[in-house]
Amino acid sequence: MYQKAKQAVDAGRDVQLGTVQICENCGYTVEGEAPDRCPICDVGKDMFKAFG
2 MYQKAKQAVD
12 AGRDVQLGTV
22 QICENCGYTV
32 EGEAPDRCPI
42 CDVGKDMFKA
52 FG
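Going from the sequence shown to the working numbering is simple: count from 1 and add 1.
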C-alpha cells in the first residue's frame, strides 16, 4: 500500500486505494479486509477501524 502511494506521488497523481483498515491498538495498516488477528499486537478483527 505504501509503495503504491509513493509511485502515485512520484507520477504526480492521486493514489487509488480501496478500504483501509487500521488497528486501533497498534496502528497496523492494511488495504482491504482486516485480518482475523493483528499480526503485530494480536488483537481481534473487531479492533480494526475501516476508512474509505
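The beta-carbon is built from N, C-alpha and C at its ideal position, and this holds for glycine as well.
Check	Outcome
Simplified DSSP assignment, three categories, for Val-21	strand
Contacts around Pro-40, its chain only, beta-carbon distance under 8 Å, and the 5 residues preceding and following it disregarded	Tyr-29
Which listed residue (Pro-36, Cys-42, Val-21) has its alpha carbon closest to that of Ala-51	Val-21
Chain-order list of residues whose beta-carbon lies under 8 Å from that of Asn-26 (same chain, five-residue window excluded)	Cys-39, Cys-42, Val-44, Met-48
Proximity of Gly-19 and Glu-32 at Cβ, strictly below 8 Å	yes
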